[in-house]
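For reference, the structure discussed in these notes is given below.
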Amino acid sequence: MADGGSAAGDLRLTNCAAGGDLGLTTRAAGGDLRLTTREMARFAARGFLRFDALVPEALNGRFLEEAKARGLAGNPPGTPLSACYPGSVVREILDLPRVQGILTSLVGPEPLFDHHGVHFNPPAERLEAKGLRVLAQHTHQDSTVDPRIGTFDLQLFYFPHEVGPEMAGTRFVPGTHHRVVSEMAIARYQNLKGQQKVVCPAGTLLAMHHGIWHGGEVNRGERTRYMLKIRLNPTVPQQRLWNTADLEDATAGPAPIFDPGHEPADPESVEVILCRPEPWFELDTGRLEYMNRIRFWRALVGDPSFDADYWWSRVENRPGTPTGTTPAR
Ligand SMILES: O=C(O)CCC(=O)C(=O)O
Ligand SMILES: [Fe+2]
Numbered sequence: 174m175a176d177g178g179s180a181a182g183d184l185r186l187t188n189c190a191a192g193g194d195l196g197l198t199t200r201a202a203g204g205d206l207r208l209t210t211r212e213m214a215r216f217a218a219r220g221f222l223r224f225d226a227l228v229p230e231a232l233n234g235r236f237l238e239e240a241k242a243r244g245l246a247g248n249p250p251g252t253p254l255s256a257c258y259p260g261s262v263v264r265e266i267l268d269l270p271r272v273q274g275i276l277t278s279l280v281g282p283e284p285l286f287d288h289h290g291v292h293f294n295p296p297a298e299r300l301e302a303k304g305l306r307v308l309a310q311h312t313h314q315d316s317t318v319d320p321r322i323g324t325f326d327l328q329l330f331y332f333p334h335e336v337g338p339e340m341a342g343t344r345f346v347p348g349t350h351h352r353v354v355s356e357m358a359i360a361r362y363q364n365l366k367g368q369q370k371v372v373c374p375a376g377t378l379l380a381m382h383h384g385i386w387h388g389g390e391v392n393r394g395e396r397t398r399y400m401l402k403i404r405l406n407p408t409v410p411q412q413r414l415w416n417t418a419d420l421e422d423a424t425a426g427p428a429p430i431f432d433p434g435h436e437p438a439d440p441e442s443v444e445v446i447l448c449r450p451e452p453w454f455e456l457d458t459g460r461l462e463y464m465n466r467i468r469f470w471r472a473l474v475g476d477p478s479f480d481a482d483y484w485w486s487r488v489e490n491r492p493g494t495p496t497g498t499t500p501a502r
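Mapping of the sequence shown onto the numbering used here: residues 174 to 502, in sequence order.
Here is the structure:
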């Protein structure tokens, strides 16, 4: 499953809010800064959303000053996020309207702080000059075996300065978040097809599902790389928390399967997004990933009968028993 290397250019999602305008100009829907249904479906399918240059330059600069001067104090796990980081620029970043819209869509209006990681990753050359051996962080899934299906934690990755291709932004593998694994038991998988490395402008945020496989790279650049990761827990059911005004429009409904003559009317419908393979999907187990995504979407919309391409309807067809009760694993 070796990857030929993913170009920096293919890392951007079309839903990125460019230029630090907080996405205000791109969302006409009555000033609602929450995610749209299609963005949510992309999160369900790929396990992440990326927002380039969302945090304005002034806040990025202040974050770097604060992190360098004083470090960044943590908060006890279980603290309401709204009470975290008093007096810190991180508070202002979290209070940005678009950031609030993203967080509300994914973990609700009052998530809890779990833990954070303030990463500073000096240039490897500097460490090697001191005789230290510099290794990339192994590929891992944070925490431990986590069998939750409809509930998930959010990992917010904040890149306060520009990250060039040599600077080792976080490495991650889209679409791996539904695999139930044990933390670093996946360390032996390296260079998975489709893996990405975060190469980004200053102020970029990535919102990731807790299950996504990731790791820190070796920094072959000339300056220290800073990155803040914050893990958040929901306090409300994660159902229809985003702006669902477009839910009906984005949901295509049943369509013919394996029909060479059939082109989906909407190439970005929820169903198409959920059944779009990642490069590492194999033809057989890839089908299980479609099912994992559909099951996740059922929980997010609160509709146990939702299906795409008939994946669940077929195996749930047990006349006389209710739908949505078949365990997937
Ligand atoms: O350093 C990185 O880019 C990744 C760090 C990480 O895995 C984490 O904070 O969970
Ligand atoms: Fe991690």
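Just so you know, even glycine gets a beta-carbon here, dropped at the ideal spot from N, CA and C.
Predicted, not measured: the structure shown is a model, and the values here were computed from it.
* Asked: Is the beta carbon of Ser-316 sitting closer than 8 Å to the one on His-382?
  -> no
* To do: Taking only runs that begin and end inside the segment 359 to 386, name each unbroken beta strand (DSSP E) of 3 or more residues, in chain order.
  => 377 to 382
* From which residue to which residue does the beta strand (DSSP E) around Val-346 run? -> 344 to 346
* Between Phe-293 and Val-272, what straight-line distance do the alpha-carbon atoms span, to the nearest angstrom? -> The alpha-carbon atoms of Phe-293 and Val-272 are separated by roughly 23 Å.
* To do: Would you mind stating whether Gly-260 and Val-291 have Cβ atoms separated by less than 8 Å?
  => For Gly-260 and Val-291, no; Cβs fall outside 8 Å.
* In the segment 264 to 341, which residue ranges form an unbroken alpha helix (DSSP H) of at least 4 residues, counting only runs that do not cross its ends? -> 270 to 280 and 297 to 302, all fully within the segment 264 to 341.
* Coarse secondary structure for Phe-469, derived from DSSP in three states -> helix
* Mind reading off the beta-carbon distance from Glu-375 to Pro-333? Whole number of angstroms is fine, and I expect it under 8 Å. => The displayed chain sequence assigns Ala, not Glu, to residue 375. Ala-375 to Pro-333, Cβ: 6 Å. Contact.
* To do: Please say whether Arg-449 and Ala-218 have beta carbons closer to each other than 8 Å?
  => Yes, they are a contact pair.
* Asked: Taking 7 Å as the cut-off, is the CB of His-387 close to at least one heavy atom of ligand 1?
  -> At least one heavy atom of ligand 1 lies less than 7 Å from the C-beta of His-387.
* Nearest-angstrom Cα separation, counted from Gly-323 out to Val-346 -> 21 Å
* DSSP three-state assignment for Asp-205, whether helix, strand or coil -> coil
* To do: Using a threshold of 8 Å, state whether the C-beta atoms of Gly-234 and Ala-309 are closer than that.
  => Cβ atoms of Gly-234 and Ala-309: not closer than 8 Å.
* To do: Look at the Cβ atom of Leu-222, then the Cβ atom of Glu-212, and state whether they are nearer than 8 Å.
  => Going by C-beta atoms, Leu-222 is nearer than 8 Å to Glu-212.
* DSSP puts Arg-398 in a beta bridge; with which residues? -> Asn-294
* Asked: For Pro-552, which of Arg-361, Ala-425, Leu-232 and Ile-467 has the nearest alpha-carbon?
  -> Limits of the chain in this structure are 174 at one end and 502 at the other, which puts residue 552 out of reach.
* Find out if the Cβ-Cβ distance for the pair Leu-208, Ser-255 is shorter than 8 Å. => Ser-255 is positioned such that its CB atom lies no closer than 8 Å to that of Leu-208.
* Asked: For Phe-221, which beta-bridge partners are listed by DSSP?
  -> Met-381
* Asked: Applying the criterion that 16 or more other CB atoms from any shown protein chain within 10 Å of the CB defines a buried residue, is Val-409 buried or exposed?
  -> exposed
* Roughly how many whole angstroms lie between the Cα atoms of Leu-473 and Gly-247? -> 30 Å
* Between Val-336 and Cys-373, is the Cβ-Cβ spacing less than 8 Å? -> yes
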